[in-house]
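Read through the structure below, which is laid out as structure tokens, and then see the notes.
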Amino acid sequence: MSELKAVLRSLYLEYKNQTTSQLKLLDFFFIFSLIVALVQFAYMIVFGTFPFNSFLSGFFTAIGEAIFTVSLRMQLKRDNTAVRPIGDFIFCNLVLFLAAFNFMG
Amino acid sequence: MKDTSKKNTEPIKKVKVEVVKIKTETIPLEQQILNFLTQNSSLLLYSTLILIYIIAFSTRLFSVLRFESVIHEFDPYFNFRSTKYLVNEGIYNFINWFDEYSWYPLGRIIGGTVYPGLMVTSAIIYWVLNFFHLNMKIRNICVFLAPLFASNTAIVTYLFGKEVFDKRVGLLAAAFIAIVPGYISRSVAGSYDNEGIAIFALINTYYLWVKAVNTGSMFWSALCALGYFYMVAAWGGYVFIINLIPLHVIVLLISGRYSNRLYIAYCTTYILGTLLSMQISFVGFQPVQSSEHMAALGVFCFLQAYCLTNWIRSMLTPVQFYTLFRIGFIFISSFVTIALAAGIATGYISPFTGRFYSLLDPTYAKQHIPIIASVSEHQPTAWASYFFDLHVLAFMFPAGFYFCFKNISDGSIFLILYGITSIYFSGVMVRLMLILAPIACVLAAVGFSFTLRAYMRYLKSENSNNKELPQFENRNQIALFIVVAITIIFIFFTIHCTWVTSEAYSSPSIVLAARGQGGSKIIFDDFREGYNWLKHNTHQNAKVMSWWDYGYQIEAMANRTVLVDNNTWNNSHIALVGKAFASTEENAYEIMKSLDVDYVLVIFGGLIGYASDDINKFLWMVRIAGSTDPNVKEADYFTPNGEFRVDSEGSSTLLNSLMYKCCYYGFGTITTEANRPPGYDRVRNVEIGNKNFELNYLEEAFTSEHWLVRIYRVLPPDNRS
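Right, dumping it as structure tokens:
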């Protein structure tokens, strides 16, 4: 158990060293999207799935944002100054929200 | 003037100017042409692509030139009717359409049970053309849509081949798919069916997927998801895509080709694609509930775990990582197992539907679902079909596998997987030869291209003394022979494809043709004659009972209510109709009265020798009826020897059934061939057994010119029963 704590601690330290503030912002947004998805899932479990399409559109939006953030982070880690990945991120968000709004009902 | 300034003390360099004589030779004509072609290679490329586009369109026009611009077969009539409804009523009414003209007492929710891609595509083209006041009739748009999209498929196949290998493979693949018979069979002019646009959407999605994996860009992944959305809108075969792409991801992971590009491409495509695919009402919530989509979800979750593991591993020493990994793995895997077990046990994850189960186990349908087994397109593929539909591509297909393995990349692994899976599925059902055709074109193009590449090098004049090329005896002659032989093979391929298109795949099915005695052409237009009789001589609310094959055509051309049609969504209703046809006239009358039937329509080919008539389909009617009603036994309709005969030896149940009587009423007095007794059936080649009978509950309303379509009116009950 103590060695698990040591491993986690060294993981945390290594993470703090490696990431720039730009990437840390993206990581916070990623955690936030996951929390939003978790809250929606918990709500669905407690109150039932009735408008299932609304639940799915909200859940997929949150998970989608998380995935896009991770993808953006991967591309920006390779090259800090690249602008193209940000443009792709915006385009994917447009498609995601268009589909989600159509699906919500 | 000499410069006497003190600053410049360097000696002036003397430059020797030489006058060089430029030799002006006249370049020979062949060299001039070759120079022009190599320097303007894009001109050659684009003109070849334009030619391929034109050829793909024009080779599909045989039936329009021989007959007329008419919709073929059965399913296209439903699509045509739906497109007309969409164009007239608007998209909102189309999506919410409930059709009371089909499946008589039940009706059919068309808005929720149809793939709207085909109709919406035609409607958009119609609206765009009408906006520019190019008023083209909706029927002509529907007839020519499939050849137009076949040309587009050729272009997308070029892009696909170019993305995986290079332009040379792409061009060959485009040329092959423009004329390959396996694809032409479902995309001739007039064949207005989902496959016409679905193959375009399929290759488009695969091209965008390989592009996304190769570039690792979210933009291409989003485009792939949009292409996938179009495919879902177009055809039920989209399940192939949503299972092949995760399989590709798994194989890449296993072969150690994981990269960030793969993660970005798959996750973006999966999220956007699944959300978009649920917009189609027919698909509904299946992408998160049915077993056919669970593989994609499973690979998605696994890829997240894999990526997370990789990232953590990059930040820790191996010892530390191992401790963390051990605990995490046990925790996660137990969670996943419990979730999966709970999903299957509660029935939340529905098991495979019969349609897809029959793809995995080809013998399933014959035992359990007779309707699926009865369709001729669902029979296993014969060996001859492979050669007939693919010709030389079938031989170069394995060569393509070899070269894909030799020049391995993410894209070529995808080609290999697509090839293997499509070979298996095309063996299960003839209909799925359509899935095999595109990949056969691409892989054969790979095979041909690499072979030609290897030998063309020897034919270039600048390579005649190049010592880097493999040297062997008579290399120039062998290279020339190989290149010429392959060119001749291409010529034979083209001849075969055009012949097959002209002879086998260009028949409209609604109009038949035959050669008369002196070679003159006889046209049998009985089907349209019969349906138009119904349209003009029956009241608007008349209900027509026929076998389900003709349902769509009756709805579209005769505009009357039918009991069962080609959608075959309700097996017991079809079984009821089958039972009516298989029973005696008296029992059938009870069933017909309960269903408010006004007219009975049968197709009879005995006069002219048309083999796809209802008597030949009769056994399937009995089997389907027997699947729900145990009183209808198939054995009753055979002779004691087990033969199916319609002459005097035939079983009495058969000879007294409604179908027999409807087909052969009044036939006993007709002489069909010289030297034969009257009532000689030219399809079964026997003299019929039960002649000169009277009908008590029906009366003959109409028989078409060559007796193909026979319509009977159901008499009202007697005043005193």
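Quick mapping for you: the protein sequence lines, in order, are chains G and L.
The first sequence: position 90 = 381 (our numbering), numbered continuously.
The second sequence: position 198 = 764 (our numbering), numbered continuously.
Just so you know, even glycine gets a beta-carbon here, dropped at the ideal spot from N, CA and C.
Within-9 Å CB hit, residue i to chain G
i                   : result
Ile-830 of chain L  : yes
Val-849 of chain L  : no
Ser-1138 of chain L : no
Ile-878 of chain L  : yes
Ile-893 of chain L  : yes
Met-860 of chain L  : no
Val-779 of chain L  : no
Thr-834 of chain L  : yes
Met-567 of chain L  : Residue placement at Met-567 of chain L cannot be trusted, given a pLDDT of 48 that sits under 50; the coordinates are not used to answer.
Cys-1229 of chain L : no
Cys-514 of chain L  : In the structure displayed, chain L extends from 567 to 1287; residue 514 of chain L sits before or after that span and is not available.
Nearest-angstrom Cα separation, counted from residue j out to residue i
i                   : j                   : result
Phe-848 of chain L  : Leu-925 of chain L  : 21 Å
Val-1143 of chain L : Met-797 of chain L  : 35 Å
Phe-766 of chain L  : Cys-790 of chain L  : 13 Å
Trp-1065 of chain L : Phe-1058 of chain L : 10 Å
Gln-1119 of chain L : Thr-723 of chain L  : 34 Å
Met-567 of chain L  : Lys-579 of chain L  : Because Met-567 of chain L sits at a pLDDT of 48, beneath the cut-off of 50, its placement in the model cannot be relied upon, and the point is left open.
Ser-1217 of chain L : Ile-1157 of chain L : 23 Å
Thr-1205 of chain L : Glu-1215 of chain L : 7 Å
Ser-648 of chain L  : Val-630 of chain L  : 22 Å
Asn-1285 of chain L : Val-694 of chain L  : 59 Å
Ala-862 of chain L  : Gln-855 of chain L  : 12 Å
Ile-621 of chain L  : Gln-331 of chain G  : 54 Å
Thr-625 of chain L  : Lys-728 of chain L  : 24 Å
Gly-1175 of chain L : Ala-1010 of chain L : 41 Å
Tyr-334 of chain G  : Gly-850 of chain L  : 22 Å
Per-residue contacts from residue i into chain G (C-beta, under 7 Å)
i                  : result
Asn-826 of chain L : Met-365
Asn-886 of chain L : Note that residue 886 of chain L is Gln in the sequence shown, not Asn. What Gln-886 of chain L touches in chain G: Val-298 and Ser-301.
Met-881 of chain L : Leu-302, Glu-305, Tyr-306 and Gln-309
Thr-889 of chain L : Glu-294, Leu-295 and Val-298
Backbone secondary structure at residue i - three-state DSSP
i                   : result
Ser-1223 of chain L : strand
Val-1166 of chain L : strand
Leu-363 of chain G  : helix
Thr-1269 of chain L : strand
Met-335 of chain G  : helix
Asp-641 of chain L  : helix
Ile-675 of chain L  : strand
Thr-564 of chain L  : A question about residue 564 of chain L goes unanswered here, because the residues of chain L that appear run from 567 up to 1287.
Leu-1161 of chain L : coil
Leu-1281 of chain L : coil
Glu-655 of chain L  : helix
Asp-665 of chain L  : strand
Ile-1088 of chain L : strand
Met-292 of chain G  : coil
Leu-1078 of chain L : strand
Leu-882 of chain L  : coil
Lys-1109 of chain L : strand
Tyr-1246 of chain L : strand
Thr-1150 of chain L : strand
Any chain L beta carbon closer than 9 Å to residue i
i                  : result
Gly-326 of chain G : It is worth fixing the name first, because residue 326 of chain G is Ile in this sequence and not Gly. Not closer than 9 Å to any Cβ of chain L, the Cβ of Ile-326 of chain G fails to qualify, so no.
Ala-390 of chain G : yes
Gly-339 of chain G : no
Asp-318 of chain G : no
Tyr-306 of chain G : yes
Phe-321 of chain G : no
Phe-351 of chain G : yes
Ser-312 of chain G : no
Pro-376 of chain G : yes
Proximal chain G residues relative to residue i, where beta-carbon distance stays under 8 Å
i                   : result
Gln-1119 of chain L : The contacting residues do not exist; Gln-1119 of chain L stays about 35 Å from chain G at best.
Met-844 of chain L  : Asn-344, Leu-347 and Phe-394
Ala-791 of chain L  : Val-386
Val-854 of chain L  : Leu-347
Under 9 Å by beta carbon: chain L residues contacting residue i
i                  : result
Leu-387 of chain G : Ala-788, Ile-837, Leu-838 and Leu-841
Contacts that residue i makes with chain L (C-beta to C-beta distance below 8 Å)
i                  : result
Asp-379 of chain G : Ser-783, Met-784, Phe-785 and Ala-788
Residue i: contacting residues in chain L (beta-carbon distance under 7 Å)
i                  : result
Phe-382 of chain G : Phe-785 and Ala-788
Ile-336 of chain G : Result: empty, since nearest Cβ-Cβ is about 13 Å, beyond 7 Å.
query: Should the segment 959–976 of chain L be called in touch with the segment 997–1009 of chain L, which here means at least 3 C-beta pairs below 8 Å?
result: Cβ pair count under 8 Å is three or more, so yes.
query: With contact counted as at least three CB pairs below 8 Å, one residue from each stretch, are the segment 658–671 of chain L and the segment 770–784 of chain L in contact?
result: No, the segment 658–671 of chain L is not in contact with the segment 770–784 of chain L.
field: the segment 1269–1283 of chain L in contact with the segment 1166–1173 of chain L per 3-pair CB rule at 8 Å
entry: Cβ pair count under 8 Å is three or more, so yes.
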